[in-house]
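Residue numbers (the working numbering), protein chains in the order written: chain A, 1 to 210; chain B, 1001 to 1210. Don't be surprised by glycine CBs; every beta carbon is placed ideally from N, CA and C. What you are looking at is a predicted structure, and each value in this text was computed from that prediction instead of being measured. A quick write-up on the structure given underneath.
Number of protein chains: 2
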Amino acid sequence: MSATDTGIAAPTAPTVKAESILAAARRTFLASGFGAASMDAIAREAGASKATLYVYFSSKEELFGAVIARESERYAQGFSAGDLDPGDVEASLTFFANRFLRLLLSPDIIAINRIIIGEVVRFPALAEVFWQAGPERVRVQLEGFFRRAAAAGTLDIADTRLAAGQFASLVRGELHQQYLFGLGKPDDKALSAAAKNAVATFLRAFGTRK
Amino acid sequence: MSATDTGIAAPTAPTVKAESILAAARRTFLASGFGAASMDAIAREAGASKATLYVYFSSKEELFGAVIARESERYAQGFSAGDLDPGDVEASLTFFANRFLRLLLSPDIIAINRIIIGEVVRFPALAEVFWQAGPERVRVQLEGFFRRAAAAGTLDIADTRLAAGQFASLVRGELHQQYLFGLGKPDDKALSAAAKNAVATFLRAFGTRK
DNA sequence: GTCTATAATTGGATAGAC
DNA sequence: GTCTATCCAATTATAGAC
């Protein structure tokens, strides 16, 4: 409020409005996909008019891009393997597998996976962004851990990059695909069992005898 | 041509027209997805009018369903593991992995995967159909082979169902996901290498010494 | 059965008042 | 900056002639 205040009610601060639009767009896109989500619906969800949407985002595509970019950012936030102990690979990998699987199967991540895969042809750049922020990041973390474990002699791995991909694939297993296809979410016990089974098989292949 | 032939040029036989519409719809949906494909475009591609489309399929959704159902049918046609030799697991699994991977990464299968995943929310039943005809069928074939190999003592597997899922996951690896996201198709040599690596790891875990 | 022409609706985007 | 009201293009679906 300055001395030149006109007395007219100050409109909502721009960033707040933009935030609420982004949040509404996020909910709407994730629930309906790009094609089925209308700007009308997003405006309604945001409690704003369509015209206001277009003040902040010049097109539906741009708004979608902003949503996906932000969600990609959040994907693997703080998903590190740096604090895992190469001395106890079974415990470390089990811990990692459980965290990874629960992240992967969380409703938000499944929804964003579906959207990006469904819109790859129209938005190839967004898929690339998501890949780098998500799967690739996880693989790099895993590979670092395997390099340390191989050096410590607790895992018998020659190609750490390959092993990281294979471990991630084992953990994803059928569950990820199955859930992408909308075929029933497993309960918590099933997730823990899946993680345990993946680790067991991986250790049968690459574990070292004590 | 009967004695009551009016002399008016006989219209194209219904099945032929329906076929050409289905084929055009298949190409259009697979190329653009459900939302971006218009009935106009499909009619043009089929060399028919929109009105004719609606004679055979009462809505866009129904036409889409017909396309997906047919493609699902073709998915794993003749994808059997019955002729694999449990006596030579390495050769058998390598053969299987190569076939499976090439099927999975073929442009048509990738396209249909993208569409179904992208439209799961709107068409959950189609996802179920595809799953049964595709991934589930492959898993069943694999499990049968593993049961035989376990009985023959050439593989050390307790849970054949679990092992089938794990083997399929290892073979898919990162390639499947990566290609779903549109990140470059691997060449033939890379595919063979991926198959070989998957088999090698699987055999490290479940192979038996001779 | 097949077409042309069109109805009816939806949805992205904008003009203009405040 | 925000809203209401509206424009306009695209799209699903159908009516009616042949």
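Going by DSSP, name the residue or residues bridged to residue i.
{"i": "L155(A)", "result": "G207(A)"}
So which residues of chain B does residue i contact, with C-beta pairs closer than 8 Å?
{"i": "I157(A)", "result": "Under the 8 Å cutoff, chain B gives no residues; its nearest Cβ is about 10 Å from I157(A)."}
{"i": "I116(A)", "result": "F1181"}
{"i": "P124(A)", "result": "G1182"}
{"i": "A81(A)", "result": "Chain B residues near A81(A): none, gap ~17 Å exceeds 8 Å."}
{"i": "A149(A)", "result": "Correct list: empty, because the minimum Cβ distance to chain B is about 16 Å."}
{"i": "A37(A)", "result": "Here the premise fails: no neighbours, minimum Cβ distance about 10 Å."}
Going by the CB atoms, is the gap between residue j and residue i shorter than 9 Å?
{"i": "A133(A)", "j": "E174(A)", "result": "no"}
{"i": "R204(A)", "j": "F1057(B)", "result": "no"}
{"i": "F181(A)", "j": "F1130(B)", "result": "yes"}
{"i": "L1101(B)", "j": "A1195(B)", "result": "yes"}
{"i": "A76(A)", "j": "L53(A)", "result": "no"}
{"i": "E1071(B)", "j": "R1139(B)", "result": "no"}
{"i": "L1155(B)", "j": "P1086(B)", "result": "yes"}
{"i": "I1021(B)", "j": "A1041(B)", "result": "no"}
{"i": "A1046(B)", "j": "A1023(B)", "result": "yes"}
{"i": "L1142(B)", "j": "A1081(B)", "result": "yes"}
{"i": "N1113(B)", "j": "S1192(B)", "result": "no"}
{"i": "A1111(B)", "j": "L1030(B)", "result": "yes"}
{"i": "R137(A)", "j": "F79(A)", "result": "yes"}
{"i": "M1039(B)", "j": "K1017(B)", "result": "no"}
{"i": "P1135(B)", "j": "Q178(A)", "result": "yes"}
{"i": "A1150(B)", "j": "T1160(B)", "result": "yes"}
Give me the chain B residues within the contact set of residue i, using Cβ-Cβ distance strictly less than 9 Å, ordered along the chain.
{"i": "E128(A)", "result": "F1181, G1182, L1183"}
{"i": "P186(A)", "result": "What P186(A) touches in chain B: nothing, since even the nearest Cβ is about 13 Å away."}
Since residue i meets chain A, which of its residues come closer than 7 Å, beta carbon to beta carbon?
{"i": "A1205(B)", "result": "T201, R204, A205"}
{"i": "L1162(B)", "result": "N197"}
Run through chain B and tell me which residues come within less than 7 Å of residue i, C-beta to C-beta.
{"i": "R98(A)", "result": "Rather than Arg, the amino acid found at residue 98(A) in this sequence is Asn. Those do not exist, as N98(A) stays about 17 Å from chain B at its closest Cβ, beyond 7 Å."}
{"i": "L170(A)", "result": "Q1166, S1169, L1170"}
{"i": "G33(A)", "result": "G1118, V1121"}
{"i": "Q177(A)", "result": "P1135"}
{"i": "A66(A)", "result": "Within chain B, no residue comes near A66(A); the closest Cβ sits about 19 Å away, beyond 7 Å."}
{"i": "A69(A)", "result": "Simply none; closest approach about 15 Å."}
Could you list which residues in chain A have their beta carbon closer than 8 Å to that of residue i, in chain order?
{"i": "E1174(B)", "result": "P135, R139, G165, A168, S169"}
Give the interface partners of residue i over in chain A, defined as CB-CB distance under 9 Å, in chain order.
{"i": "A1024(B)", "result": "Going along chain A, no residue has its Cβ under 9 Å from A1024(B), so there is no contact; the nearest lies around 18 Å."}
| query | Enumerated in chain order, which unbroken segments of the alpha helix (DSSP H) with a length of 4 residues or greater are wholly contained in the segment 46-118 of chain A? | reply | Entirely contained in the segment 46-118 of chain A, the alpha helix (DSSP H) runs reaching 4 residues are, in chain order, 50-56, 60-75, 89-104, 107-118.
| query | Between the segment 1090-1099 of chain B and the segment 1184-1204 of chain B, do three or more beta carbon pairs fall short of 8 Å? | reply | With the cut-off at 8 Å, the segment 1090-1099 of chain B and the segment 1184-1204 of chain B touch.
| query | Counting Cβ pairs closer than 8 Å, one from the segment 24-43 of chain A and one from the segment 52-65 of chain A, do we hit at least three? | reply | Counting Cβ pairs under 8 Å, three or more are found: they touch.
| said: Check whether the segment 114-130 of chain A and the segment 1116-1127 of chain B are in contact - that is, three or more C-beta pairs closer than 8 Å. | reply: As far as the Cβ criterion goes, the segment 114-130 of chain A touches the segment 1116-1127 of chain B, which means the pair count is three or higher.
| task | Kindly confirm or deny that the segment 1154-1172 of chain B and the segment 166-180 of chain A touch, where touching means at least three C-beta pairs closer than 8 Å. | result | In short, these stretches touch, since the Cβ pair count reaches three.
| request: Note down, one range per segment and in chain order, each alpha helix (DSSP H) of at least 4 residues found wholly within the segment 1159-1185 of chain B. | output: Secondary structure remark: continuous alpha helix (DSSP H) runs of at least 4 residues inside the segment 1159-1185 of chain B, in chain order: 1160-1180.
| request: Please list the segments of the alpha helix (DSSP H) lying wholly inside the segment 19-47 of chain A, counting only runs of 4 or more residues, in order along the chain. | output: Listed in chain order, the complete alpha helix (DSSP H) runs (minimum 4 residues) inside the segment 19-47 of chain A are 39-46.
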